[in-house]
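Be aware that the sequence shown starts at 196, since it is given in our numbering, and climbs by one per residue.
The beta-carbon is built from N, C-alpha and C at its ideal position, and this holds for glycine as well.
I have placed the structure first, in the form of structure tokens, so that the comments after it can refer back to it.
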Amino acid sequence: MNLYPTLQATIEKAKSLEIPEDRIPILQDFIAYIQKKIDADQTVNLNFICTHNSRRSQFSQIWAKTAAEYFGIEINSFSGGVEVTAFNERAVASIKRAGFKATQKGVGNPKYFVFYSDDDDPIICFSKLYDDPANVPKGFAAVMTCSHADENCPFIPGAEARIPVRYEDPKAFDGTSEEADRYDERSLQIASEMFYVFSRISKA
């Protein structure tokens, strides 16, 4: 991968972070799902779901795809919510600080084309329902990234697995002096866990 230099530095920082002991069993379920699909020579479809599809699920979609590509593992990475809002501008700013390039098309709920390299296709990000036509309709893991969506969506049609991998919402710091740091902290945490997950996948 010909990664952008700032992004490469962010990835090295994420890889160096220690995964807390209480997170390892949570991530192990995620690893097991991916490994089982690869061992069966089946397509790995991951749909990261949180309430508004604006922050944590977008971070997760982007970092999962980037980590998988980094380790040469083929996956499809999606995201969705139970309400449509927009890819939050603070989260967009955070991924840019991490070293991604992002171009915007439209307003209101714009599409963002997020690049980790000039040599690969972008990750297309916008707020949508989890069953939006842009997402795969069946044969996917519903990766629940927030407690509200996890607790209020007991059934996700088309999902063959449901894996809670919850993260704290940086929204609590919107409008404060800590805003940028907290968004970057959450992005880096998600990056570290996605790189941990895909580093433990054995390719078929």
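Roughly how many whole angstroms lie between the Cα atoms of Ile351 and Leu241?
Walking along the sequence shown from the start, residue 351 turns up at place 156. Walking along the sequence shown from the start, residue 241 turns up at place 46. Going from the Cα of Ile351 to the Cα of Leu241 covers about 13 Å.
Could you tell me the boundaries of the beta strand (DSSP E) in which Lys296 lies? Your numbering for residue 296 matches position 101 in the sequence shown. Start and end: 296-300.
Three-state secondary structure (DSSP) at Met339?
Residue 339 sits at position 144 when you count from the first residue of the sequence shown. Met339: strand per DSSP, three-state reduction.
* Compute every distance between the C-beta of Phe243 and the non-hydrogen atoms of the ligand GDP, then say whether any falls below 7 Å. => Ligands are entirely absent from the displayed structure, and the ligand GDP is therefore not among its contents.
### Task
In the DSSP assignment, find the unbroken beta strand (DSSP E) run with Ile351 in it and report its ends.
Locating residue 351 in the sequence shown gives position 156, where the first residue counts as 1. Counting along the chain, Ile351 falls outside any beta strand (DSSP E), and DSSP gives it neither H nor E.
Whole-angstrom Cβ separation of Phe321 and Lys306, contact assumed at under 8 Å?
As a working note, residue 321 is residue 126 in the sequence shown. As a working note, residue 306 is residue 111 in the sequence shown. Right, the Cβ-Cβ distance comes to about 5 Å (below 8 Å), so this counts as a contact.
Item to complete: Decide yes or no for the touch test of the stretch 335-345 against the stretch 201-210: beta carbon pairs closer than 8 Å, at least 3 of them.
Response: no
Hey, which unbroken runs of the beta strand (DSSP E) at 3 residues or more fall wholly within the stretch 246-304?
271-275, 296-300
Below-8 Å beta-carbon distance, Tyr265 vs any chain B residue = In summary, chain B is missing from the structure at hand, where a single protein chain is found.
Exercise. Are Tyr228 and Thr261 close, meaning C-beta to C-beta below 8 Å?
Worked result: In the sequence shown, counting from the first residue as 1, residue 228 sits at position 33. In the sequence shown, counting from the first residue as 1, residue 261 sits at position 66. For Tyr228 and Thr261, no; Cβs fall outside 8 Å.
Under a Cβ-count criterion, where at least 16 other Cβ atoms within 10 Å of its own Cβ denotes burial, should Val302 be classed as buried or exposed?
In the sequence shown, the residue the question calls residue 302 occupies position 107. Exposed, because fewer than 16 other Cβ atoms sit within 10 Å of the Cβ of Val302.
Within the same chain, show all residues whose beta-carbon is closer than 8 Å to that of Gly276, passing over the 5 residues directly before and after it, in chain order.
-> Looking up residue 276 in the sequence shown gives position 81. Ile244, Cys245, Thr246, His247, Asn248, Ser249, Ser252, Ser322, Lys323, Leu324, Tyr325, Ala344, listed in sequence order.
Drop a sphere of 10 angstroms on the beta-carbon of Ile319, count the other beta-carbons inside from all chains shown, and report buried for 16 or more, exposed for fewer. On the sequence shown, residue 319 is found 124 positions in, with the first residue counted as 1. So Ile319 counts as exposed.
Quick one: what's Tyr307 bridged to in DSSP?
Mapped onto the sequence shown, residue 307 falls at position 112. Answer is Gln299, Cys320, bridged to Tyr307.
| field | Unbroken alpha helix (DSSP H) run spanning Ile233, endpoints | value | Taking the sequence shown and counting its residues from 1, one reaches residue 233 at position 38. Ile233 -> alpha helix (DSSP H) spans 219-234.
Would you call the CB atoms of Arg377 and Pro365 closer than 8 Å? The count along the sequence shown starts at 1 and reaches residue 377 at position 182. The count along the sequence shown starts at 1 and reaches residue 365 at position 170. In contact: Arg377 and Pro365 (Cβ atoms closer than 8 Å).
Check your understanding: Any idea what DSSP makes of Arg395, helix, strand or coil?
Key -> Numbered from 1 along the sequence shown, position 200 holds the residue referred to as residue 395. Coil.
- So is Gln299 buried or exposed if we call it buried at 16+ other beta carbons inside 10 Å? For the purposes of this step, residue 299 is identified with residue 104 of the sequence shown, where counting begins at 1. It counts as exposed.
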